[in-house]
Amino acid sequence: MKTLSKIYIWVIFALLYAPIIILVLFSFNRAGSLNHFSTFSLYWYKELFRDPTALNALKNSLYLAVGSSLLATVIGTFAALGINKMRNKFFKNALTSVTNIPMMNPDIVTGVSMMLLFVAAASMPFLPIKFGAVTMLIAHTTFNLPYVILSVLPRFKQMDKHLTEAALDLGCTPAQTFFRVELPSILPGVISGLMLGFTLSLDDFVISHFVSSPDFQTLPLYVYNQTAHEVKFSMYALCALMVFVILGLLLAVNFAGSKGKNKKAKVLPMGGIQ
Amino acid sequence: MKKRSFIERFAAVPHSVWALLFIVAPLIFVVYFAFTDTYGNFTFDNITMLSSYTHIFVLSVCFALIATVICLLIGYPLAFFISQLKPKTQKLLVVLLMLPMWISLLIRTYSLLALLDNGGLFNSLLEKLGFERVKIVGTSGAVILGMVYDFLPYMVLPIYTSVSKLDARYLEAAHDLGCNNIKTLFKVVLPLSVPGVISGITMVFVPSISTFYISQKLGGGSFDLIGDTIERQFQNVSTYNMGAAISLVMMILILISVAVMNKFSDGDEGSVIV
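In structure tokens form, the structure reads like this:
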């Protein structure tokens, strides 16, 4: 029974990883074929970096991921502070339920609904909204927000509220209290929310598909457009690179998460946010 | 009760405004577009026209249900077996399980396509071994396989969270009271892991029913699911209203089924955020 269950685990994991590993392996295949492996080479990676559309998409993706995750982290952290202290039960419940809608709804509905909002806004004379960077930033911030709030709110709840009171009694202004006492103790949650938002934004395809325009492409949109026709082999290189980046990020998040639980102080210099 | 400071009182305001503008308003626009024609006149036509999409709804529900059941059948034993391993191995396997969730769905689906395509590795392997090539891409089996492959980790993780939290003394007690392994599984382990199962089912069913990339790629264009239909309606301004109506119905169906499912599981212990 023990061996059987171990075999079962290995078989499922092998099946789960086989396509991805094959994709990564064949991205180093000079022959540019999936049938036979000729020689190991970085040819397709060089080819990829010669493609201006791909580079532009990468740039857009990074800007968008940084911008939307930062914006969501700032709004979301304050929102968590406010929600934690909120006394009106009805408003509190309403706000948290509304916040969770983008998490519950299928991505396609979120994407479509935002697209309709922007279409309607663009048709108004005084709101010259154009599909592209701005709509993407709004959409990505919106779907990042619930994740930020969800990772920060528990930290506020766990926090010793006497600390805040002590700081106020000792003469801190509310702003000082927030930045000197509350922020350091919720920082692990803030950082994991930031990283979560960054990864989610980098990864999102469905919502972006509806709110972007052809002149603002992100990496997933580029992959989608590329795989719609005859696929260039540099796509494999791009996919492999994205797998590597995600792997690195996941390890970083896990590292930060486990550090945050053990030693609060250690996270401070590592997170880089003060 | 202490008075709340200015910051605490108004910290949630930016987020509330944001949620109102970019979560609530878009949904109102979905409803608005669903009940109007291209010129903005009120009409029920889109809703009555929905009957001609019945077969698409039925097909999508069937595909998503089959994929969910397969995921449950594969995923439950996997989660249970993992929870029986040494804690260190468990941790490693959980990270390995989370990694594919972070790799873009596009890449995972595309890697599966590259593997199974008529000229792909799988078929040339079959040929070398002396078998006939099989046409996989373009069959309903391929679409369901794609859903299972893409969403299996979303089933395993919540179930694992439930099962691993199970008090080992319950199992000992069941054994002491005369249950054999099978009986313990069905009388103790299964009922106690219902929240995880419910959460897993929603996390597989919702993306499965709303997908369009999987059916486009692995279905070879021969299957029209709800996701494909919605996506197509939003490529052309004249069909936005119909698309909004279909999205609205899908959203309501999903929210109702999620609410019903959550009734079965009390508490939120099964839910995971990764």
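Order-wise, the sequence lines are chains A and B.
Start counting the first sequence at 61; every next residue gets the next number (my numbering).
Start counting the second sequence at 57; every next residue gets the next number (my numbering).
Where is the CB? At the ideal position from N, CA and C, for every residue including glycine.
In this text the structure is predicted, and so the values were computed from the model without any measurement.
Point to revise | the region 246-277 of chain A: positions lying closer than 7 Å to chain B by Cβ | key: T259, D263, F265, F270
Point to revise | Three-pair Cβ contact test at 8 Å for the region 207-220 of chain A versus the region 240-257 of chain A | key: yes
Review point. How is T92 (chain B) classed by DSSP in three states: helix, strand or coil?
Key: Your numbering for residue 92 (chain B) matches position 36 in the second sequence. In the structure shown, T92 (chain B) sits in a strand (DSSP, three-state: E or B).
Check your understanding: So what's N89 (chain A) in DSSP terms, helix, strand or just coil?
Key -> The sequence position of residue 89 (chain A) within the first sequence is 29, counting from 1. Correct three-state label for N89 (chain A): strand.
**Study point:** Within-9 Å CB hit, N364 (chain A) to chain B
**Key:** Because chain A in this structure spans residues 61 to 334, residue 364 (chain A) falls outside the shown range and cannot be described.
Point to revise | Contact list for N153 (chain A) against chain B, beta-carbon separation under 7 Å | key: The sequence position of residue 153 (chain A) within the first sequence is 93, counting from 1. Under the 7 Å cutoff, chain B gives no residues; its nearest Cβ is about 13 Å from N153 (chain A).
Review point. Using the beta-carbon count (16 or more within 10 Å), is Q286 (chain A) buried or exposed?
Key: In the first sequence, counting from the first residue as 1, residue 286 (chain A) sits at position 226. When all chains shown are included, Q286 (chain A) counts as buried.
Review point. Exposed or buried, Q334 (chain A), counting other C-beta atoms within 10 Å across all chains shown (16 or more means buried)?
Key: In the first sequence, residue 334 (chain A) corresponds to position 274, counting from 1. Bear in mind that a pLDDT of 25 at Q334 (chain A), under 50, signals an unreliable position, so the model cannot answer this.
Point to revise | Residue-level contact to chain B via CB, M175 (chain A), 9 Å cutoff | key: Indexing the first sequence from 1 puts residue 175 (chain A) at position 115. Closer than 9 Å to some Cβ of chain B, the Cβ of M175 (chain A) qualifies, so yes.
Review point. Quick one: is H231 (chain B) near chain A, going by C-beta distance under 9 Å?
Key: By 1-based counting over the second sequence, the position of residue 231 (chain B) is 175. By this cut-off, H231 (chain B) is not an interface position.
**Study point:** Min CB distance A182 (chain A) to chain B below 9 Å
**Key:** Working through the first sequence from its first residue, we reach residue 182 (chain A) at position 122. Closer than 9 Å: no.
**Study point:** Residues from the region 71-105 of chain A in contact with chain B, defined by Cβ distance under 7 Å
**Key:** I72, F73, L76, P79, I80, I82, L83, L94, N95
Check your understanding: So the alpha helix (DSSP H) A67 (chain B) belongs to, where does it begin and stop?
Key -> Start at 1 with the first residue of the second sequence, and residue 67 (chain B) comes out as number 11. Neither: A67 (chain B) is in no alpha helix (DSSP H) and is coded neither H nor E.
Check your understanding: Alpha carbon to alpha carbon, how far is I170 (chain B) from L162 (chain B)?
Key -> Working through the second sequence from its first residue, we reach residue 170 (chain B) at position 114. Working through the second sequence from its first residue, we reach residue 162 (chain B) at position 106. Residue identity check: residue 170 (chain B) is Ala in the sequence provided, not Ile. Using only the alpha carbons, I get a separation of about 12 Å.
**Study point:** First through last residue of the alpha helix (DSSP H) which encompasses N285 (chain A)
**Key:** Working through the first sequence from its first residue, we reach residue 285 (chain A) at position 225. Where N285 (chain A) is concerned, the enclosing alpha helix (DSSP H) stretches over 279-288.
Review point. Does the beta carbon of D220 (chain A) sit closer than 9 Å to a beta carbon anywhere in chain B?
Key: As a working note, residue 220 (chain A) is residue 160 in the first sequence. Not one chain B Cβ lies under 9 Å of D220 (chain A).
Practice item. Look at F320 (chain B) and V250 (chain B) and say whether their C-beta atoms are less than 9 Å apart. Key: By one-based count along the second sequence, residue 320 (chain B) stands at place 264. By one-based count along the second sequence, residue 250 (chain B) stands at place 194. Yes; because the gap between Cβ atoms is below 9 Å, this pair is in contact.
**Study point:** C-beta atoms of A120 (chain B) and S264 (chain B) nearer than 9 Å
**Key:** On the second sequence, position 64 is the one that residue 120 (chain B) refers to. On the second sequence, position 208 is the one that residue 264 (chain B) refers to. Yes, they are a contact pair.
Check your understanding: Beta carbon of P206 (chain A), beta carbon of N153 (chain A): below 9 Å?
Key -> By 1-based counting over the first sequence, the position of residue 206 (chain A) is 146. By 1-based counting over the first sequence, the position of residue 153 (chain A) is 93. Cβ distance not < 9 Å, so P206 (chain A) and N153 (chain A) don't count as in contact.
Review point. Between which two residues does the alpha helix (DSSP H) carrying R164 (chain B) extend?
Key: Here residue 164 (chain B) refers to the residue found at position 108 when the second sequence is read from its first residue. Here the alpha helix (DSSP H) through R164 (chain B) covers 161-172.
Check your understanding: Just how far apart, CA to CA, sit A224 (chain B) and D232 (chain B)?
Key -> Stepping through the second sequence from its first residue, residue 224 (chain B) is reached at position 168. Stepping through the second sequence from its first residue, residue 232 (chain B) is reached at position 176. C-alpha separation (whole angstroms): 12 Å.
Point to revise | Neighbour flag for K273 (chain B) against chain A, beta carbons, 9 Å | key: Taking the first residue of the second sequence as position 1, residue 273 (chain B) is located at position 217. Answer yes: the Cβ-Cβ gap between K273 (chain B) and chain A drops below 9 Å somewhere.
Point to revise | Neighbour list for G176 (chain B) in chain A, Cβ cutoff strictly below 7 Å | key: Translated into positions along the second sequence, residue 176 (chain B) becomes position 120. Here the neighbours are L94.
Exercise for review: Answer with buried or exposed for D264 (chain A), where buried requires no fewer than 16 other C-beta atoms within 10 angstroms of its C-beta.
Suggested key: In the first sequence, counting from the first residue as 1, residue 264 (chain A) sits at position 204. Result: buried.
Review point. What is the DSSP secondary structure of F98 (chain B), counted as helix, strand or coil?
Key: Taking the first residue of the second sequence as 1, we reach residue 98 (chain B) at position 42. Strand at F98 (chain B).
Check your understanding: Since G414 (chain B) and I215 (chain B) are thought to touch, with beta carbons under 8 Å apart, how far apart are those beta carbons, to the nearest angstrom?
Key -> One cannot answer for residue 414 (chain B) here, as it falls past the ends of chain B, which runs 57 to 330.
Check your understanding: Cα-Cα, which of A:K106, A:L76, A:F138 is closest to A235 (chain A)?
Key -> What you label residue 235 (chain A) is simply residue 175 of the first sequence in a count that begins at 1. Of the listed residues, the one whose Cα sits closest to A235 (chain A) is A:F138.
Exercise for review: Report the neighbours of L141 (chain A) on chain B: residues whose CB is nearer than 9 Å to its CB, in chain order.
Suggested key: Along the first sequence, read from residue 1 onward, the residue named residue 141 (chain A) stands at position 81. Those are I63, E64, A67, A68, listed as they occur along chain B.
Practice item. Return the Cβ separation of V158 (chain A) and I286 (chain B) in integer angstroms, given the expectation that the two are a contact with Cβ distance under 8 Å. Key: Taking the first sequence and counting its residues from 1, the one referred to as residue 158 (chain A) is at position 98. Taking the second sequence and counting its residues from 1, the one referred to as residue 286 (chain B) is at position 230. Between I286 (chain B) and V158 (chain A) the Cβ distance is about 23 Å, and since that is not below 8 Å, they are no contact.
Review point. When you compare each of B:K243, B:D173, B:V314, B:Y296 to Y95 (chain B) by their alpha carbons, which one comes out closest?
Key: The residue given as residue 95 (chain B) occupies position 39 in the second sequence. Cα-wise, what sits closest to Y95 (chain B) is B:Y296.
Exercise for review: Taking F258 (chain A) and M196 (chain A) to be in contact with their CB atoms under 8 Å, please state how far apart those CB atoms are, rounded to whole angstroms.
Suggested key: For the purposes of this step, residue 258 (chain A) is taken as residue 198 along the first sequence, with counting starting at 1. For the purposes of this step, residue 196 (chain A) is taken as residue 136 along the first sequence, with counting starting at 1. No, F258 (chain A) and M196 (chain A) are not in contact; Cβ-Cβ is about 15 Å, not under 8 Å.
**Study point:** Test: D173 (chain B) CB closer than 9 Å to a CB of chain A
**Key:** Here residue 173 (chain B) refers to the residue found at position 117 when the second sequence is read from its first residue. Judged by the 9 Å Cβ criterion, D173 (chain B) is in contact with chain A.
Check your understanding: CB G142 (chain A) to CB E64 (chain B), shorter than 9 Å?
Key -> Taking the first sequence and counting its residues from 1, one reaches residue 142 (chain A) at position 82. Taking the second sequence and counting its residues from 1, one reaches residue 64 (chain B) at position 8. Closer than 9 Å, so yes.
Practice item. Counting only the same chain and skipping the five closest in sequence on each side, list residues whose C-beta sits under 8 Å from that of D280 (chain B). Key: Counting from 1 along the second sequence, the entry for residue 280 (chain B) is found at position 224. I112, L115, S271, listed in sequence order.
Review point. Below 9 Å between beta carbons: does that hold for S93 (chain A) and W104 (chain A)?
Key: Taking the first residue of the first sequence as 1, we reach residue 93 (chain A) at position 33. Taking the first residue of the first sequence as 1, we reach residue 104 (chain A) at position 44. No, the pair does not count as a contact, with Cβ atoms beyond the cut-off.
Review point. Chain A beta carbons: is any one of them nearer than 9 Å to that of A75 (chain B)?
Key: Taking the second sequence and counting its residues from 1, one reaches residue 75 (chain B) at position 19. Taking Cβ atoms only, chain A reaches closer than 9 Å to A75 (chain B), which makes this a yes.
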